[in-house]
Amino acid sequence: MKYSHEDHCRYMRRCLQLAALGRGHVSPNPMVGAVVVHKGKIIGEGYHRRCGEAHAEVNAIRSVKNEELLRESTIYVSLEPCSHYGKTPPCCKLIIEKQIPRVVMACFDPFPEVSGRGVRMLREAGVEVITGILEEEAIRLNSHFMTVQKFHRPYILLKWAQSSDGFIDRMRSCSESPVLFSNAVTLTSVHRLRAEYDAILVGTRTALYDDPSLTVRYWSGKNPLRLVIDRRLELPENLRLFSDGNPTLVITEKIHEPSGNIEYLTVDFTKPIIPTLLQELFRRKISSLLVEGGAVLLQSFIDSDCWDEIRIEETPFELKNGVCAPVVTRVPDRFFYSGGHLISKIHRR
Ligand code: AOF
Ligand code: ZN
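Using UniProt numbering, you'd call the opening residue of the sequence shown number 1 and step up by one each time.
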């Protein structure tokens with residue numbers, strides 16, 4: 001049975017919905033969803049649930065009750081089916097073995113061991129392959145994975161909250177409490193973001209003055225690996241980052257053995273440290289980095305043009321003086337505004 005372009009888009013949209021269920025669980029793998037359609041009816045669905053576990057196609061095919069129907073079905077998948085032996089066997093092999101005659105996919109897999117080989121393998125086995133259905137949406141969904149494959153560094157999100165007159169904090173001493181920009185809604189969204197990121201970075205001043213825990217508490221999900229810049233290892237041990245039992249990686253110029261949950265990365269501070277840090281994160285298979293402040297650190301990412309997305313929460317009140325918010329000089333191509341007490345500006349590349 002042939003389907004129209006609208007039908008293809010409808011089934012692919014379902015694949016993308018399914019794929020997104022893997023958010024926060026599949027990194028460094030991509031989020032992928034698949035559906036099996038027989039005579040205009042979805043007879044199987046699946047998605048990649050966790051890194052190391054079955055791929056989307058395998059779960060979708062397994063969910064089909066009557067295997068006979070596979071020979072007359074189309075499988076929709078949001079990413080090119082894999083052709084390699086990784087942690088799991090190739091999905092293309094399974095599709096061919098099950099004699100599924102047609103594959104409709106959204107985007108190619110940029111992973112060098114696959115990229116185009118999946119499509120070739122299927123076509124050589126006589127499977128019809130249609131590509132490019134909701135391609136842009138599928139690429140955007142996997143922006144973290146795509147960035148790692150393309151640039152060999154994690155996807156970088158810079159995030160801060162600022163007053164309407166452009167300050168991110170008051171000038172204060174360590175004993176004074178920070179200004180609270182967040183409300184219940186924005187706090188939830190920050191914790192949700194944390195659950196979707198592999199690592200989270202703060203500078204020395206932020207660690208010292210705010211004593212953040214950088215864990216996920218107002219959303220469900222795993223904690224990101226915490227990174228803190230502490231050039232001379234001067235931060236006190238009783239900060240939450242060091243004392244709450246969760247892992248932290250300290251970026252320092254000193255050489256220091258790991259102790260408990262704290263690891264140390266020695267970096268040459270006489271040179272720009274961002275490239276070295278990103279290389280190390282890539283080596284550790286960290287696909288996404290959330291930078292939560294402060295102003296100097298955020299500005300250094302902006303100045304070195306090392307970012308993919310910036311989210312600014314703007315409060316409706318003024319601070320009059322304090323720590324100036326970072327300045328984004330490059331004109332971003334997109335702005336997104338969302339309502340609520342705070343206005344959220346999102347710049348995306
Ligand atoms: C698919 N379907 O659902 C996913 C794919 O180590 P493995 O075996 O999990 O393979 C990981 C690679 O497989 C990953 O880098 C990406 O290229 C692809 N992911 N492929 O056909 C899926 N998650
Ligand atoms: Zn696969």
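Don't be surprised by glycine CBs; every beta carbon is placed ideally from N, CA and C.
Item to complete: Output yes or no for whether 8 Å exceeds the beta carbon distance between alanine 20 and leucine 193.
Response: Along the sequence shown, one-based indexing puts residue 20 at 20. Along the sequence shown, one-based indexing puts residue 193 at 193. No; because the gap between Cβ atoms is not below 8 Å, this pair is not in contact.
Practice prompt. Could you spell out the range, first to last residue, of the alpha helix (DSSP H) harbouring histidine 191?
Written response: To locate residue 191, count along the sequence shown from 1; it is residue 191. Residues 184-196.
Practice prompt. Only counting runs of 3 or more residues, tell me where the beta strand (DSSP E) segments fall wholly within the UniProt domain "CMP/dCMP-type deaminase" (6-129), in order along the chain.
Written response: The qualifying runs are 33-38, 41-47, 74-79, 102-107.
Fill in: Cβ pair count under 8 Å reaching 3, the region 240-254 against the region 157-166
Result no; under three Cβ-Cβ pairs closer than 8 Å.
Worksheet item: Roughly how many angstroms separate the alpha carbons of lysine 2 and arginine 10, rounded to a whole number?
Response: Mapped onto the sequence shown, residue 2 falls at position 2. Mapped onto the sequence shown, residue 10 falls at position 10. As the crow flies, the alpha-carbon of lysine 2 is around 14 Å from that of arginine 10.
Worksheet item: Taking just the CA atoms, how far does threonine 186 sit from glycine 46?
Response: By 1-based counting over the sequence shown, the position of residue 46 is 46. By 1-based counting over the sequence shown, the position of residue 186 is 186. Spanning the two alpha carbons is a distance of roughly 32 Å.
Discussion item. Bridge partners for leucine 227 per DSSP, in chain order?
Written reply: Walking along the sequence shown from the start, residue 227 turns up at place 227. Leu201, Leu249, per the DSSP bridge assignment.
Discussion item. Please determine whether the Cβ atom of glutamate 57 lies at a distance below 7 Å from any heavy atom of the ligand ZN.
Written reply: Counted from its first residue, the sequence shown places residue 57 at position 57. Yes.
Discussion item. My assumption, with CB atoms under 8 Å, is that glycine 322 sits in contact with arginine 170. Please give the rounded CB distance.
Written reply: As a first step, residue 322 is located in the sequence shown; it is residue number 322 there, counting from the start. As a first step, residue 170 is located in the sequence shown; it is residue number 170 there, counting from the start. That pair is a contact at about 4 Å.
Worksheet item: Is cysteine 82 near the ligand ZN, going by C-beta to nearest heavy atom under 7 Å?
Response: For the purposes of this step, residue 82 is taken as the residue at position 82 of the sequence shown. The answer is yes for cysteine 82.
Discussion item. For a test of the three-state rule: what should DSSP assign to aspartate 211, helix, strand or coil?
Written reply: Locating residue 211 in the sequence shown gives position 211, counting from the first residue. Reduced to three states, the DSSP call for aspartate 211 is coil.
Worksheet item: Mind checking whether proline 28 and valine 148 have CB atoms under 8 Å apart?
Response: The residue you call residue 28 lines up with position 28 of the sequence shown. The residue you call residue 148 lines up with position 148 of the sequence shown. Yes, the pair counts as a contact, with Cβ atoms nearer than the cut-off.
Item to complete: Return yes when the C-beta of aspartate 109 is under 7 Å from any heavy atom of the ligand AOF, and no when it is not.
Response: Position 109 of the sequence shown, counted from the first residue, corresponds to residue 109. Checking the Cβ of aspartate 109 against the ligand AOF gives yes.
Worksheet item: So the alpha helix (DSSP H) threonine 147 belongs to, where does it begin and stop?
Response: Taking the sequence shown and counting its residues from 1, the one referred to as residue 147 is at position 147. 143-151 is the extent of the alpha helix (DSSP H) around threonine 147.
Worksheet item: Would the C-beta of proline 90 count as close to the ligand ZN, meaning under 7 Å from any of its heavy atoms?
Response: The residue given as residue 90 occupies position 90 in the sequence shown. At least one heavy atom of the ligand ZN is nearer than 7 Å to the Cβ of proline 90, so yes.
Worksheet item: When the Cα atoms are used, what is the spatial distance from serine 243 to cysteine 91?
Response: Working through the sequence shown from its first residue, we reach residue 243 at position 243. Working through the sequence shown from its first residue, we reach residue 91 at position 91. C-alpha separation (whole angstroms): 44 Å.
Item to complete: Apply the 10 Å Cβ neighbour rule to lysine 159 and answer buried if 16 or more other Cβ atoms are within range, or exposed otherwise.
Response: The residue given as residue 159 occupies position 159 in the sequence shown. Result: buried.
Worksheet item: DSSP beta-bridge partners for isoleucine 262?
Response: In the sequence shown, the residue the question calls residue 262 occupies position 262. Partner(s): Thr248, Ser259.
Discussion item. From the DSSP secondary-structure annotation, give me the bridge partner or partners of phenylalanine 181.
Written reply: As a working note, residue 181 is residue 181 in the sequence shown. According to DSSP, which records beta bridges pairwise, phenylalanine 181 is partnered with nothing at all.
Item to complete: Specify the secondary structure class of serine 243 as computed by DSSP and reduced to three states.
Response: Here residue 243 refers to the residue found at position 243 of the sequence shown. Of the three classes helix, strand and coil, the one that applies to serine 243 here is helix, per DSSP.
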